[in-house]
Amino acid sequence: MYFFLKIGLNLIKIKNITLALFTFLFVLFCTFTIYVLEPETFGNLLNSFYFVMTTFTTVGYGDYSPVTVVGKLFTVFMYLMGIGLLSIVIGKIFDALSIFRRKREEGNLTYRKKDHIIIIGWSKKAQVAVHEILSSNNTIEIVLIDSLPKAPFDISLERVHYIQGDTAEEATYQKANISGAKSVIIFSDEEIEKPSLRDAKTLIVAIIVERLAPNVHTTVEILMEEHISNFSHVKVDEFILSQETISNLAVRSALYKGVSKVYSQLLSRKYGENLYQIMKKGTWDTYRDAFEDLLNQGATLIADGNRLDINRRLDEKIPLSAELYVICDEATYKTIS
Numbered sequence: 001m002y003f004f005l006k007i008g009l010n011l012i013k014i015k016n017i018t019l020a021l022f023t024f025l026f027v028l029f030c031t032f033t034i035y036v037l038e039p040e041t042f043g044n045l046l047n048s049f050y051f052v053m054t055t056f057t058t059v060g061y062g063d064y065s066p067v068t069v070v071g072k073l074f075t076v077f078m079y080l081m082g083i084g085l086l087s088i089v090i091g092k093i094f095d096a097l098s099i100f101r102r103k104r105e106e107g108n109l110t111y112r113k114k115d116h117i118i119i120i121g122w123s124k125k126a127q128v129a130v131h132e133i134l135s136s137n138n139t140i141e142i143v144l145i146d147s148l149p150k151a152p153f154d155i156s157l158e159r160v161h162y163i164q165g166d167t168a169e170e171a172t173y174q175k176a177n178i179s180g181a182k183s184v185i186i187f188s189d190e191e192i193e194k195p196s197l198r199d200a201k202t203l204i205v206a207i208i209v210e211r212l213a214p215n216v217h218t219t220v221e222i223l224m225e226e227h228i229s230n231f232s233h234v235k236v237d238e239f240i241l242s243q244e245t246i247s248n249l250a251v252r253s254a255l256y257k258g259v260s261k262v263y264s265q266l267l268s269r270k271y272g273e274n275l276y277q278i279m280k281k282g283t284w285d286t287y288r289d290a291f292e293d294l295l296n297q298g299a300t301l302i303a304d305g306n307r308l309d310i311n312r313r314l315d316e317k318i319p320l321s322a323e324l325y326v327i328c329d330e331a332t333y334k335t336i337s
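Numbering of the sequence shown is given in this note's numbering, commencing with residue 1 and proceeding in unit increments.
Encoded structure:
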């Protein structure tokens, strides 16, 4: 008994690949051996393999069993070795799953997929952004970067991944596969009280992001509009002025009652009609062609890129580089696209 215990302890210590290979070879050895010992009993190698596996995992089903003394003795040896070996393998598998879950929760796994959205900095705004992305797109995945000891969300969300690390270190972004990302959203660090210092940290993060992934679309939240000039040497694609946006919306709501509901529809899928980007169709020559065709389908063309003056440019030709935006419901958008 001490002999088998010692063997078991040594098996626990060996590497997983070595253990898996040893288990595979041991199963093959037992399959061929029991067949050679009693070919009439088992008939073929498939039956002997079936007998070996049922003996390892249970005590056998009795439909196949050795009849000779040598066959029975080998089966006892196979049972003592096999059931212990299989138990160790199963234990190793559960350990690996547990380690994988812990590493995923702690943000220590490298993300290797592409075309994902990276969110830098966890906050209530980031949480809302995650839910908005998940509800707006059924396939895109999100990678959150922060320094929290554990993921601030339920890790059972398969499309959301956490990377723990310092946002000032290049290795953190490499773990998030920033070069393969579709876009990056940088939120202001709410733990810093002074707005100028918060924007300064955002600037540092933006510099690192643009250096590592210059072709990735970058959206940056800043607190003060006068700090935009500090980003002039950084190729940030879009800025979100969080404080001014909220203040301006409050003023518009005071001046024009109910206008906040219009903003809500444009900003979130939770409310009514939504804003969508569409591709130019070959049958559209001018903006009028696009406008009338879309209107007949239940959508309203409102912009080309950042230009909202479509109604004054209806007879102009649509350039190949056009970025057309429409307002409609989800069903209409699916029909159009």
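Ideal placement from N, C-alpha and C gives every residue a C-beta, glycine not left out.
Keep in mind the model is a prediction, meaning the values are calculated, not measured.
CB contact flag (Thr-218, Asp-237, <7 Å): Sequence index remark: in the sequence shown, residue 218 carries index 218 (1-based). Sequence index remark: in the sequence shown, residue 237 carries index 237 (1-based). Contact: yes.
Would you kindly report the start and end of the unbroken beta strand (DSSP E) that includes Asn-274? The count along the sequence shown starts at 1 and reaches residue 274 at position 274. Per DSSP, Asn-274 belongs to the beta strand (DSSP E) from 274-278.
Can you list the alpha helix (DSSP H) stretches of 4 or more residues lying completely in the stretch 176-213, in chain order? Here the runs fully enclosed are 195-212.
With Ile-119 as the anchor, note down where its beta strand (DSSP E) starts and where it stops. As a position in the sequence shown, residue 119 is number 119, starting the count at 1. Unbroken beta strand (DSSP E) run through Ile-119: 117-120.
Classification of Gln-164 by the beta-carbon crowding that lies within 10 angstroms, buried from 16 upward: Within the sequence shown, numbered from 1, the residue matching residue 164 stands at position 164. By the neighbour-count definition (other C-beta atoms within 10 Å, threshold 16), Gln-164 is a buried residue.
Let me confirm a value: Thr-283 is counted as buried when at least 16 other C-beta atoms fall within 10 Å, else exposed. Which label applies? Taking the first residue of the sequence shown as 1, we reach residue 283 at position 283. Exposed, because fewer than 16 other Cβ atoms sit within 10 Å of the Cβ of Thr-283.
Asn-296 versus Ile-185: straight-line alpha-carbon distance, rounded: Here the question's residue 296 lines up with position 296 in the sequence shown. Here the question's residue 185 lines up with position 185 in the sequence shown. Straight-line spacing of the CA atoms in Asn-296 and Ile-185 works out to 36 Å.
Going by C-alpha distance, which of Tyr-64, Ser-196, Leu-25 and Ser-135 is nearest Glu-40? What you label residue 40 is simply residue 40 of the sequence shown in a count that begins at 1. Here the closest residue by C-alpha is Tyr-64.
Would you call the stretch 199-211 and the stretch 222-230 touching, i.e. three or more CB-CB distances under 8 Å? A contact is defined here as three or more CB-CB pairs under 8 Å, and the stretch 199-211 meets this definition with respect to the stretch 222-230.
Could you please give the first and the last residue of the uninterrupted beta strand (DSSP E) stretch that includes Thr-218? Position 218 of the sequence shown, counting from 1, holds the residue named residue 218. It spans 217-222 - the beta strand (DSSP E) in which Thr-218 sits, taken as one unbroken run.
With DSSP collapsed to three states, give me the class of Ala-126. For the purposes of this step, residue 126 is identified with residue 126 of the sequence shown, where counting begins at 1. Secondary structure at Ala-126: helix, using DSSP grouped into helix, strand and coil.
Flag this pair as touching only if the stretch 178-196 and the stretch 106-124 have three or more C-beta atom pairs under 8 Å; answer yes or no. With a cut-off of 8 Å, the stretch 106-124 and the stretch 178-196 count as touching, because enough Cβ pairs lie within range.
Measure the C-alpha to C-alpha separation of Ser-147 and Tyr-173 and round it to an integer number of angstroms. As a working mapping, residue 147 is identified with position 147 in the sequence shown. As a working mapping, residue 173 is identified with position 173 in the sequence shown. Roughly 12 Å between the two C-alpha positions.
DSSP has Val-160 in a bridge; who is on the other side? In the sequence shown, counting from the first residue as 1, residue 160 sits at position 160. According to DSSP, Val-160 bridges with Ile-142.
Can you give the Cα-Cα distance for Tyr-35 and Met-53, rounded to whole angstroms? Position 35 of the sequence shown, counting from 1, holds the residue named residue 35. Position 53 of the sequence shown, counting from 1, holds the residue named residue 53. Approximately 14 Å between the Cα atoms of the pair.
Contact between the stretch 22-37 and the stretch 85-99 (3+ Cβ pairs under 8 Å): Yes, since at least three Cβ pairs between the stretch 22-37 and the stretch 85-99 fall closer than 8 Å, the two stretches touch.
Touching or not, the stretch 310-327 and the stretch 275-292, by the rule of three or more beta carbon pairs under 8 Å? Contact holds: three or more Cβ-Cβ distances are below 8 Å.
How big is the Cα-Cα spacing for Val-76 and Leu-21? Within the sequence shown, residue 76 is the residue found at index 76, counting from 1. Within the sequence shown, residue 21 is the residue found at index 21, counting from 1. Rounded to whole angstroms, the separation of the alpha carbons of Leu-21 and Val-76 is 22 Å.
Is the closest heavy atom of the ligand ADP to the C-beta of Arg-104 under 6 Å? Of ligands this structure carries none, so the ligand ADP is not represented either.
What three-state label does DSSP hand Glu-38 in the structure shown? Here the question's residue 38 lines up with position 38 in the sequence shown. In the structure shown, Glu-38 sits in coil (DSSP, three-state: anything other than H, G, I, E or B).
I'd like the span of the alpha helix (DSSP H) that includes Phe-239, first residue to last. As a first step, residue 239 is located in the sequence shown; it is residue number 239 there, counting from the start. No alpha helix (DSSP H) contains Phe-239, which is instead part of the beta strand (DSSP E) from 238-241.
To the nearest angstrom, how far is the alpha carbon of Leu-5 from that of Thr-110? As a first step, residue 5 must be located in the sequence shown, where it is residue number 5. As a first step, residue 110 must be located in the sequence shown, where it is residue number 110. Residue placement at Leu-5 cannot be trusted, given a pLDDT of 47 that sits under 50; the coordinates are not used to answer.
How far does the beta strand (DSSP E) with Thr-286 in it reach, from first residue to last? Counting from one through the sequence shown, the residue named residue 286 turns up at place 286. For Thr-286, there is no enclosing beta strand (DSSP E), as DSSP marks it with neither H nor E.
Locate the beta strand (DSSP E) running through Tyr-111, then write down its first and last residues. For the purposes of this step, residue 111 is identified with residue 111 of the sequence shown, where counting begins at 1. The continuous stretches of beta strand (DSSP E) do not include Tyr-111, and DSSP gives it neither H nor E.
Is the distance from the Cβ of Ala-126 to the Cβ of Ile-145 below 7 Å? Here residue 126 is taken as the residue at index 126 of the sequence shown, counted from 1. Here residue 145 is taken as the residue at index 145 of the sequence shown, counted from 1. No, these two residues do not count as a Cβ contact at 7 Å.
Checking 7 Å against the spacing of the C-beta atoms, do Ser-123 and Glu-190 come in under that value? Here residue 123 is taken as the residue at index 123 of the sequence shown, counted from 1. Here residue 190 is taken as the residue at index 190 of the sequence shown, counted from 1. For Ser-123 and Glu-190, yes; Cβs fall inside 7 Å.
Using a threshold of 7 Å, state whether the C-beta atoms of Ala-213 and Ser-188 are closer than that. If you number the sequence shown from 1, residue 213 lands on position 213. If you number the sequence shown from 1, residue 188 lands on position 188. Their beta carbons are not under 7 Å apart, which means Ala-213 does not touch Ser-188 by this criterion.
Would you call the CB atoms of Ala-303 and Thr-332 closer than 7 Å? Walking along the sequence shown from the start, residue 303 turns up at place 303. Walking along the sequence shown from the start, residue 332 turns up at place 332. Judged by their CB atoms, Ala-303 and Thr-332 are not nearer to each other than the 7 Å cut-off.
By the 10 Å Cβ neighbour count, where 16 or more other Cβ atoms means buried, how is Lys-67 classified, buried or exposed? As a working mapping, residue 67 is identified with position 67 in the sequence shown. Contrary to the premise, residue 67 reads as Val rather than Lys in this sequence. Per the 10 Å Cβ criterion, exposed.
So, helix, strand or coil for Ile-336, using DSSP? Position 336 of the sequence shown, counted from the start, is the residue given in the question as residue 336. Under the three-state reduction of DSSP, Ile-336 is assigned to helix.
From the DSSP output, which residues share a beta bridge with Ile-390? This structure cannot speak to residue 390, because the chain is shown only from 1 to 337.
What distance in whole Å lies between the Cβ atoms of Lys-317 and Thr-286, which are believed to be in contact at a cut-off of 8 Å? Your numbering for residue 286 matches position 286 in the sequence shown. Your numbering for residue 317 matches position 317 in the sequence shown. With 8 Å as the limit, Thr-286 and Lys-317 qualify as a contact, their Cβ atoms being about 6 Å apart.
Limits of the alpha helix (DSSP H) - the one that Thr-54 falls within: Start at 1 with the first residue of the sequence shown, and residue 54 comes out as number 54. Boundaries of the alpha helix (DSSP H) around Thr-54: 45-57.
Where does Arg-307 fall in DSSP's three states? For the purposes of this step, residue 307 is taken as residue 307 along the sequence shown, with counting starting at 1. DSSP places Arg-307 in strand when its eight states are reduced to three.
For Lys-235, which residues in the same chain have their Cβ closer than 7 Å to its Cβ, ignoring the five residues on either side in sequence? The residue labelled residue 235 in the question sits at position 235 within the sequence shown. Counting only residues of its own chain and dropping the five nearest sequence neighbours on each side, Lys-235 has a CB closer than 7 Å to the CB of Glu-210 and Pro-214.
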